[in-house]
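In order, the protein sequence lines correspond to chains C and F. Mapping to the UniProt record's numbering: the first sequence position 108 is 108, numbers consecutive. Mapping to the UniProt record's numbering: the second sequence position 344 is 344, numbers consecutive.
2 protein chains.
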Amino acid sequence: MKDQAGTRPDVSAELGALRARIDSIDDTLLALISERAALAQQVGHAKQGERIYRPEREAQIVRRLRESNPGPLSGETVERLIREIMSACRAVEEVTRVAYLGPAGTFSEQAVHKQFGHEVDALAEADIDACFHAVETGRADFAVVPVENSTDGAVGRTLDLVVASPLSICGEVMLPIHQTLMRKHGDLDGIRRVYGHAQSLAQCQHWLSRHLPDAERVSVVSNSEGARRAAAEPVAATLGSEAAAALYGLSVVAARVEDEASNTTRFLVLGAHDAAPSGRDKTSLVMGAKNQPGAVVKLLQPLADAGVSMSKFESRPARSGTWEYLFFVVCEGHRKDARLAAALAEIDSRAAFLKILGSYPAASA
Amino acid sequence: MKDQAGTRPDVSAELGALRARIDSIDDTLLALISERAALAQQVGHAKQGERIYRPEREAQIVRRLRESNPGPLSGETVERLIREIMSACRAVEEVTRVAYLGPAGTFSEQAVHKQFGHEVDALAEADIDACFHAVETGRADFAVVPVENSTDGAVGRTLDLVVASPLSICGEVMLPIHQTLMRKHGDLDGIRRVYGHAQSLAQCQHWLSRHLPDAERVSVVSNSEGARRAAAEPVAATLGSEAAAALYGLSVVAARVEDEASNTTRFLVLGAHDAAPSGRDKTSLVMGAKNQPGAVVKLLQPLADAGVSMSKFESRPARSGTWEYLFFVVCEGHRKDARLAAALAEIDSRAAFLKILGSYPAASA
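In structure tokens:
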């Protein structure tokens, strides 16, 4: 005999017991999450007008839970769920407004929700400048902007803007990125041209050389523009997100064509202040130097002497001013850590120009 | 004296106590959610190959928690969090694949996540036909497609497809929809043309008549196409989502211009089977009738006699077959409820054509 759902009676009894336990867990979850939200309200009242979102506090909570995660959920899933719960609790007091590089549906929007959960006002901006501007004018509390990709390097406009802006870096988000090759009809045969944003083309160059050695690569302003052109040209294909295929009526020729499986984009979270120490932090700074032999070594020496490790180092021609190059450095530790603070003071005494862009919790891998 | 974060010591002590309690809650939440995921695995093993996603079971859990919600979180937030937790637990066993009307970032994608949470494979399809096809060919487990808007009515293509498809309706999703008016530069002055998808124009017709009585309204294939044109025509504006403004470099002239503040789109969830009874269900059916006086009344009489209320009634010219009109009916109750079952049997004996499209849990308002 089977019940309504077509299940045998012994299995039904087992399912019934399991579901009763799940129901009881759900009741407790609701009670605890509700109490958590009420406590978050009390925290908000105690802080009286101070900002509600504390990146260092949320980073500590996420790390503690990931480290004590017993399974079977992945650490990534545990992080996502607790960030959603924190997002909901925060929103009881105040809805955080986050500007990002639009449109909706892009990787940047994913980065917003990865960091802030879904109970935020996510504001799609037209370009990276507008994201900074939204926070500078108070229209948004935070901005989330791409700063570099693991394969093809820095997003120049973001680096230029952090130098000039009064905003501080208060967080970073790491997001895995996948590229899709698509065209109007057909497979790889007959593709004579591949469109894509310069960054997308760079992320897929080995794949393209191997599979489409004779196809011309054309860098366009955005992958959307590439898709628009590919839709009109039977011999062309474009790189982009799978979502673009649906939008422009293209078929997917090959998925995940990025050269590095670990292709990741790093985003910065910018706000009026940086973050307090969380126990595992990074500090970003930019230094100006003349184009003289040894100038860079002299500036970096204090970090080496203090035993501070650098995770990024990026040089960039200065747009203005008396120095010729700007050096962007990301080092481990918080600017309030004694060792780093001393090294930064020493660099300050040596550099023509030093700006500490902010200290913030290191993102989970 | 203030501490590092600029907070007074007495407040610091209070915050410390609140945060200690939050930490303890978070530890318990992690333990419970992990146990819940392990139980979901056991349910999956007990069911041995049966489908993991049970819309009626999830609907019951959501309703129970919304009804017992003590606050301060809203019922909507409680629903969202528990759906995310269920989504994560489900994904431990099997990742549900859901086809939807792309591109990513649209209202349809929001409807997918509202119903299934974020731990799903959301597949962006080019049109509504492709959504059905994805499930029919086994490329997706479910499809989420728009079926009607509270202001401007039915999505004809979806109605046509449910009649012909072997798929059943196993769920519905209600999503509030907001329309934005945008143009290249400036405010309402000088707008001589308003682009928009026919549905968007319909949803905003009173607003447009009041604020732009002399502007021509031009129906285009999509709001994206409207945005593309508005970007090129200084005297034109377009309707669409705020996200489109960023994508096409338009400025927002007015937000929330839909005539009804409660403007809502209803989506159907389609799968291989409909849902088992959840305690608060709807049943969708379609009937064929000749264009004869009294034919419709005769078909609907059994529902009235059984005291079954109808929440929707929609007539549509038949594309083929011997009947001339199709009548789409949504009534309260599950097709396995004795009263409704008897009424449906009676309709079946009277109708030239009757197809029960499925029974499914009624969505939260």
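The C-beta atom is built at its ideal place from N, Cα and C for all residues, glycine as well. All of these numbers come straight from a predicted model, not from anything done at the bench.
Starting from residue i, follow its DSSP beta bridges and name the residues at the other end.
| i | result |
| --- | --- |
| C:Val329 | C:Leu285, C:Phe313 |
| F:Gly171 | F:Val269 |
| C:Tyr100 | C:Ala124, C:Val144 |
| C:Asp181 | In the sequence as presented, Asp is not what sits at residue 181 of chain C; that position holds Leu. In the DSSP output, where bridge partners are listed per residue, C:Leu181 has C:Leu239, C:Ala254. |
| F:Gly196 | F:Ser219 |
| C:Lys355 | C:Val286 |
| C:Pro361 | C:Asp281 |
| C:Pro176 | C:Thr264 |
| F:Ala154 | F:Glu148 |
Taking 8 Å as the threshold (beta carbon to beta carbon), is residue i in contact with chain F?
| i | result |
| --- | --- |
| C:Leu161 | no |
| C:Gly333 | no |
| C:Glu14 | yes |
| C:Asn69 | yes |
| C:Gly102 | yes |
| C:Gln115 | no |
| C:Arg21 | yes |
| C:Val92 | yes |
| C:Ala230 | no |
Within the 8 Å Cβ cut-off, does residue i reach chain C?
| i | result |
| --- | --- |
| residue 372 of chain F | A query on residue 372 of chain F cannot be resolved here, the shown segment of chain F reaching from 1 to 365 and no further. |
| F:Ala255 | no |
| F:Gln199 | no |
| F:Glu119 | yes |
| F:Gln203 | no |
| F:Leu18 | yes |
| F:Gln179 | no |
| F:Val11 | yes |
| F:Ala88 | yes |
Determine the burial state of residue i: buried for a count of at least 16 other Cβ atoms within 10 Å of its Cβ, exposed for fewer.
| i | result |
| --- | --- |
| F:Arg192 | exposed |
| F:Lys2 | Annotation note: pLDDT 45 at F:Lys2 (below 50); position unreliable, no value reported. |
| C:His113 | buried |
| C:Leu270 | buried |
| F:Gln292 | exposed |
| F:Phe116 | buried |
| F:Lys282 | buried |
| F:Phe313 | exposed |
| C:His45 | exposed |
| F:Glu50 | exposed |
| C:Asp274 | buried |
| C:Thr180 | buried |
| C:Gln199 | buried |
| C:Thr96 | buried |
| F:Ala289 | buried |
| F:Met287 | buried |
| C:Gln4 | Residue confidence for C:Gln4 is low, a pLDDT of 49 falling below 50, so the modelled location carries little weight; the figure read from the coordinates is stated next. Exposed, since its Cβ has fewer than 16 Cβ neighbours within 10 Å. |
| F:Gln48 | exposed |
| F:Gly226 | buried |
| C:Glu297 | Note that residue 297 of chain C corresponds to Val in the displayed sequence, not to Glu. C:Val297 is exposed by the Cβ-count criterion. |
What are the residues of the region 232-253 of chain F that lie near chain C, defined by any Cβ-Cβ distance shorter than 8 Å? The residues in question are Ser241, Glu242, Ala243, Ala244, Ala245, Ala246, Leu247, Gly249.
Which residue spans inside the UniProt domain "Chorismate mutase" (9-97) of chain C form an unbroken alpha helix (DSSP H) run of at least 4? Fully enclosed alpha helix (DSSP H) runs of 4 or longer: 9-47, 55-68, 75-93.
Using Cβ-Cβ distances below 9 Å, what residues of the UniProt domain "ACT" (284-361) of chain F are close to chain A? Looking for chain A here will not work: the only protein chains present are C and F.
Sequence ranges, beta strand (DSSP E) only - wholly within the region 200-266 of chain C, length at least 3: Runs of the beta strand (DSSP E) spanning 3 or more residues and lying entirely within the region 200-266 of chain C occur at 216-219, 236-240, 251-254, in chain order.
Any residues in the region 59-85 of chain F with a beta carbon nearer than 8 Å to a beta carbon of chain C? Which ones, in chain order? Using a CB distance below 8 Å, the part of the region 59-85 of chain F facing chain C consists of Ile61, Arg64, Leu65, Ser68, Asn69, Pro70, Gly71, Pro72, Leu73, Thr77, Val78, Arg80, Leu81, Ile82, Glu84, Ile85, ordered along the chain.
Residues of the region 258-284 of chain C with Cβ closer than 9 Å to any Cβ of chain F, in chain order: The residues in question are Ala276, Pro277.
Compile a chain-ordered list of the residues in the region 25-54 of chain F whose CB is closer than 9 Å to at least one CB of chain C. Those residues of the region 25-54 of chain F that come within reach of chain C (Cβ to Cβ, closer than 9 Å) are Ile25, Asp26, Asp27, Thr28, Leu29, Leu30, Ala31, Leu32, Ile33, Ser34, Glu35, Arg36, Ala37, Ala38, Leu39, Ala40, Gln41, Gln42, Val43, Ala46, Lys47, Gln48, Glu50, Arg54.
Residues of the region 122-143 of chain C with a CB closer than 9 Å to any CB of chain F: list them in chain order, please. Residues of the region 122-143 of chain C that bring their beta carbon within less than 9 Å of a beta carbon in chain F comprise Leu123, Ala124, Glu125, Ala126, Asp127, Ala130, in sequence order.
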